[in-house]
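Residue numbers (this note's numbering): 15 to 433. No residue lacks a Cβ here, since even glycine has one placed at the ideal position from N, Cα and C. The structure appears below as structure tokens.
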Ligand code: JFZ
């Protein structure tokens, strides 16, 4: 336990979040599960397969006849998220292929009406999440839709079935996107956030319209920045894939969307998997900069989360379980610099030093710029909380302490040890 550190832009950012109680649950949650699941799981080459192969709509629709994920178990998915230490789930309610993964009355191209499965997995997830205290959220592709004749995006349109010049965007926007969003926001209980994507070409007027639409249906539902290319829209910033932000870039809270391999949707081709070690270091890096990590899984056409992904998440969960107090509800580092040994999070009266085991400083750990006097230091993974020796020097001029902690010879935890 260490007292409060010095102040910079990061605290500003966190105060901003405090002023906006709508985002408070989300920033405190820190870690969420992203799920890319749809018909594209069948061809098993990722969620862009229809566009990549210019599959005609009538052909792509045939996938629905074969989509029967009888092994889907909402409770098992939610339990895995919880075990990993994730506190919310964002699932693709509709991706770019236009297929609704729930029972939509606004469009028959949906899992309940067009597949032999006939169940509504989002309903089942909503119930399982409510039971487990996990916040359910939806991804919705609001501009790209390769199934609808009138969906009009800046770059990625279905031009093999439909003529660009015959597209009337309002027919799609008013006829499918907005009605489906209304269904999602009225029939599934509380929706934590809507994750919009690829807004290229969406006008400022339509961007505002969709935000107003969401607000009128669930005022507390958060909206991510990809809702619009007009700067400043949305409650929080979604960075690029696997991109980690810096503190103070934006006044809004932010997240890193991350893949476990190099793909979002299920694929048998991509077998480049991040290790638990690298995932934990990435998580620590993100939260140390005050961000959220949204970590993706791509379930199979049978309805299961691939075992290798599940294994990784459980391994991460062992770490988040032991180090929960240094993760949830914390603020990022007040120091806008990279720390050579890892990352830093804070709570009032406490500083958590997340030390990478492979950078374990044999000669002890040095940290300058601490405003208050340190009373106690120990390793979080050490159940007996043996106190570590430390020295403290006070700089009268700067009114700051420099701290030097003598670390144990061996790291206290797997991969990253929190002191
Ligand atoms: C989009 C989707 O096209 C993709 O299928 C997936 O759902 C992903 C999460 O989001 O792709 C993007 C969009 C924006 C960036 C990267 C991938 N970006 O800003 O870096």
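- A distance below 6 Å between beta-carbons, with the five flanking residues on each side excluded, links residue 366 to the following residues of its chain, in chain order: 340, 359, 432.
- The beta carbons of residue 342 and residue 93 sit no closer together than 8 Å.
- At least one heavy atom of the ligand JFZ lies less than 7 Å from the C-beta of residue 110.
- For residue 286, there is no enclosing alpha helix (DSSP H), since its DSSP letter is neither H nor E.
- Note on residue 230: under 16 other CB atoms within 10 angstroms of its CB, so exposed under the neighbour-count rule.
- Ranked by Cα distance from residue 429, the first of 349, 353, 294 is 294.
- Listed as beta-bridge partners of residue 271 by DSSP are 308.
- The closest heavy atom of the ligand JFZ lies less than 7 Å from the beta carbon of residue 50.
- Inclusion of residue 416 and residue 407 in the CB contact set at 8 Å is warranted, their separation being smaller than that value.
- Non-local C-beta neighbours of residue 255 in its own chain, meaning closer than 8 Å and more than five positions away in sequence, comprise 271, 272, 273, ordered along the chain.
- If the five residues before and after residue 139 are omitted, its C-beta is found closer than 8 Å to the C-beta atoms of 88, 91, 92, 103, 105, 150, all from its own chain and listed in chain order.
- For residue 212, the Cβ falls inside the 7 Å cut-off from some heavy atom of the ligand JFZ.
- At the C-beta level, residue 362 and residue 41 stay beyond 8 Å of one another.
- Contact holds between the stretch 161–179 and the stretch 65–76, because three or more Cβ pairs, one in each stretch, are under 8 Å apart.
- When the alpha-carbon of residue 80 is set against those of 190, 97, 56, the nearest one is in 56.
- Here the alpha carbons of residue 276 and residue 202 stand approximately 31 Å from one another.
- With a threshold of 16 other beta carbon atoms within 10 Å, residue 398 falls short and is exposed.
- Excluding residues up to 5 positions away in sequence, 259, 268, 269, 270, 271, 305 lie with their Cβ nearer than 8 Å to the Cβ of residue 253 in the same chain.
- Counting the other CB atoms within 10 Å of its CB gives residue 239 a total of 16 or more, which places it among the buried residues.
- Around the beta carbon of residue 344, 16 or more other beta carbons sit within 10 angstroms, so the residue counts as buried.
- In this structure, the alpha-carbon of residue 126 lies about 14 Å from that of residue 86.
- For residue 419, DSSP records a beta bridge to 379, 404.
- Less than 8 Å divides the Cβ of residue 195 from the Cβ of residue 227.
- Take the alpha-carbon of residue 257 and the one of residue 131: they are about 36 Å apart.
- Counting along the chain, the unbroken beta strand (DSSP E) around residue 151 starts and ends at 149–154.
- In the structure shown, residue 210 adopts extended strand secondary structure according to DSSP, grouped into three states.
- With 16 or more neighbouring CB atoms inside 10 Å of its own CB, residue 83 falls in the buried class.
- Under the DSSP definition of a beta bridge, residue 250 partners with 238.
- The stretch 109–123 makes no contact with the stretch 215–227; the number of CB pairs closer than 8 Å stays below 3.
- Residue 351 counts as exposed, since fewer than 16 other C-beta atoms from the protein chains shown sit within 10 angstroms of its C-beta.
- Only residues of its own chain outside the window of five on either side were considered, and among them 239, 264, 266, 268 have a CB closer than 6 Å to the CB of residue 251, listed in chain order.
- Ranking 60, 183, 52, 385 by CA distance to the CA of residue 348 puts 385 first.
- For residue 108, no alpha helix (DSSP H) encloses it; the enclosing beta strand (DSSP E) starts and ends at 102–108.
- Within its own chain, the residues whose Cβ lies closer than 6 Å to the Cβ of residue 291, once the five positions on either side in sequence are excluded, are 429, listed in chain order.
- Distances taken from the Cβ of residue 163 to the heavy atoms of the ligand JFZ include none shorter than 7 Å.
- Nearest C-alpha to residue 402 among 383, 382, 424, 413: 424.
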